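These notes concern the structure reproduced below.
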Amino acid sequence: MRVVMLGAPGSGKGTQAKQLVQTYGVPQLSTGDLLRAAVKAASPVGLRAKAAMDAGKLVSDDIVLGLIEERLDGPQGLRDFILDGFPRNLAQAEALGALLNRLGLPLQAAILIDVSAEELKRRIAGRRTCRDCGAIYNVYTAPSATEGVCDLCDGETFQRSDDNETTVAQRLATYEAETAPLIGYYRERGLLHSVPGEQPVEAIFAALRAIVDGLA
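Residue 1 is where the sequence shown starts when you use the UniProt record's numbering, and the numbers rise one by one after that.
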């Protein structure tokens, strides 16, 4: 299984990706996790990334692609993976495709969790986070048993400052401008699979499993 998960902030793609990891035992490649591991290991790409961060710069696309290549290349490299959060734009998608083809690991599918803009705004605005353990709830879709109290540790739940309506609208606008074009990109290449995201979590995952089980 070599797939990219697509979906706007609040679509639930991260949750579904974790369920795929648990069910199929396929690692999820998070660029943040790869970056931290490479810096800790002081690998060549990790040293470049650390230099950029120490200088207060963003980690460039070529460094991120280098991190992915480090994880996939060689005898101990991964043959299967789930990418969530990368690529974020067309240039990254082109570069990722070239890298994977060069490694003989072409992408098998891009899976979109499709949710309307209005539902996304509602979900994100309804999100609550525990101050103590970081558990996440949603007042509309997955509330804690007692409002304002975490089920796991009894800590206080709160709404993050970037989950307000104004910030949510800005995040969705950025997604539409930069990331949404990936849908057409992967559709043109015959890789896109779309799953309606406004249904129970179990139904979404069943649809995902049908897609994954059908991959060659």
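We treat Cβ as the ideally placed atom computed from N, Cα and C, and that holds for glycine. Bear in mind that the values here come from a model prediction, so they are computed numbers and not experimental data.
Using C-beta distances below 6 Å, list every residue in its chain close to L96, excluding the 5 sequence neighbours before and after it, in chain order.
Counting from one through the sequence shown, the residue named residue 96 turns up at place 96. For L96, where only same-chain residues beyond five positions count, the Cβ hits under 6 Å are P87.
Once the 5 residues before and after C153 are set aside, which same chain residues still bring their CB inside 6 Å of it?
In the sequence shown, the residue the question calls residue 153 occupies position 153. Once the five neighbours on either side are set aside, the close Cβ partners of C153 are D132, C133.
Name the two residues that bound the continuous alpha helix (DSSP H) containing Y137.
One-based indexing of the sequence shown puts residue 137 at position 137. Careful: Y137 lies outside any alpha helix (DSSP H), inside the beta strand (DSSP E) at 136 to 138.
Going by beta carbon distance, what residues of the same chain come within less than 7 Å of G77, once the five residues before and after it are set aside?
To locate residue 77, count along the sequence shown from 1; it is residue 77. Hits under 7 Å: R71.
May I have the straight-line CA-CA distance separating residue 217 from A125, to the nearest angstrom?
Missing from the structure shown is residue 217; the chain here goes from 1 to 216 and no further.
With V45 as the anchor, note down where its alpha helix (DSSP H) starts and where it stops.
Here the question's residue 45 lines up with position 45 in the sequence shown. 44 to 54 is the span of the alpha helix (DSSP H), which, as asked, contains V45.
If you measure between the beta carbons of L99 and L65, is that distance less than 8 Å?
Here the question's residue 99 lines up with position 99 in the sequence shown. Here the question's residue 65 lines up with position 65 in the sequence shown. Yes; because the gap between Cβ atoms is below 8 Å, this pair is in contact.
Would DSSP call V3 helix, strand or coil?
Along the sequence shown, one-based indexing puts residue 3 at 3. In this structure, V3 counts as strand in the three-state DSSP scheme.
Which word fits F158, buried or exposed, when buried means at least 16 other C-beta atoms lie within 10 angstroms of its C-beta?
Position 158 of the sequence shown holds residue 158. The residue is exposed, with fewer than 16 neighbouring Cβ atoms inside 10 Å.
I'd like to confirm the pairing. Which residues does DSSP put opposite D62 in its beta bridges?
Translated into the one-based positions of the sequence shown, residue 62 becomes position 62. According to DSSP, D62 bridges with nothing at all.
Check for me: the beta strand (DSSP E) holding V195 runs from which residue to which?
As a first step, residue 195 is located in the sequence shown; it is residue number 195 there, counting from the start. 192 to 196 is the span of the beta strand (DSSP E), which, as asked, contains V195.
Determine the DSSP secondary structure at L208, reduced to helix, strand or coil.
Here residue 208 refers to the residue found at position 208 of the sequence shown. L208: helix per DSSP, three-state reduction.
Does the Cβ-Cβ distance between V59 and A52 come in under 8 Å?
Reading the sequence shown from its first residue, position 59 is the one you call residue 59. Reading the sequence shown from its first residue, position 52 is the one you call residue 52. Against a cut-off of 8 Å, the Cβ pair of A52 and V59 comes out as a contact.
Cutting at 7 Å between CB atoms, please list the residues of its own chain near T31, excluding the five before and the five after it.
Stepping through the sequence shown from its first residue, residue 31 is reached at position 31. V64, L67, G85, F86.
Going along the chain, which residues of its own chain have a beta-carbon closer than 8 Å to the beta-carbon of A145, five neighbours each way excluded?
Your numbering for residue 145 matches position 145 in the sequence shown. Same-chain partners within the cutoff: D151.
Out of R2, Q16, M1, which one is the CA nearest neighbour of P200?
As a position in the sequence shown, residue 200 is number 200, starting the count at 1. When only C-alpha atoms are compared, the closest one is Q16.
Across which residues does DSSP place C130 in a beta bridge pair?
Along the sequence shown, one-based indexing puts residue 130 at 130. According to DSSP, C130 bridges with T157.
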